[in-house]
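These notes are about the structure you will find just below.
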Amino acid sequence: MKTKIFTITKTGYSAGLYGCSAEYFICIYTKISNYQGKKELTMERFTFEGMYWVEERIKESMGKKGFNYYYTWSNYWKLSKKDVNNNTMREYESIKYIENWFKN
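For the sequence shown, counting from 1, position 46 maps to 395 in the working numbering; every step adds exactly one.
Rendered as C-alpha cells:
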C-alpha cells in the first residue's frame, strides 16, 4: 500500500465586480504519525487559495515530496467573505509549507 497519497478538491471561488478574484481548495494527505509508540496512518489537510491553475503548482510541490496524487471530483460554488476559512494559505505560503514541513 502506498502511504504517501493526496488529493485536492476545489471548495469555491470568490468574485468581485470584474469577475473571479480567488479560488479556494483543500489538500487532504496521508501522514504516518506516532501515537503511543505505534505508527499510525492518519489524514491531515490544509486549505489554500490562488488563481490560474494554482492546484497544478501545489500538485507539483507535493509530487516532489514523494506524494502520489489521486483525483477526486467536487462541487463548488461562489463563496462570501464569511465562508472563507481564516486559516487559508496563499499559494506561496502553501508551497513553503510543503517544502519545509514534509520530509522526502
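Even for Gly, the Cβ is constructed at its ideal location relative to N, Cα and C.
These figures come from a predicted structure and were not determined experimentally.
Query	Result
Rounded straight-line distance, which links the Cα of E440 to that of I407	8 Å
CB contact check: T379 to chain B, cutoff 8 Å	Given the protein chain composition of this structure (a single chain), no chain B is represented.
Candidates Y362, W426, N424, T379, of which the one nearest Y401 by Cα	Y362
At least 3 beta-carbon pairs within less than 8 Å: the segment 427-445 vs the segment 378-391	no
Residue burial classification, Y357 (beta-carbon count within 10 angstroms, cutoff 16)	Checking the displayed sequence, the identity of residue 357 turns out to be Ile instead of Tyr. The residue in question, I357, is buried, as its Cβ has 16 or more Cβ neighbours within 10 Å.
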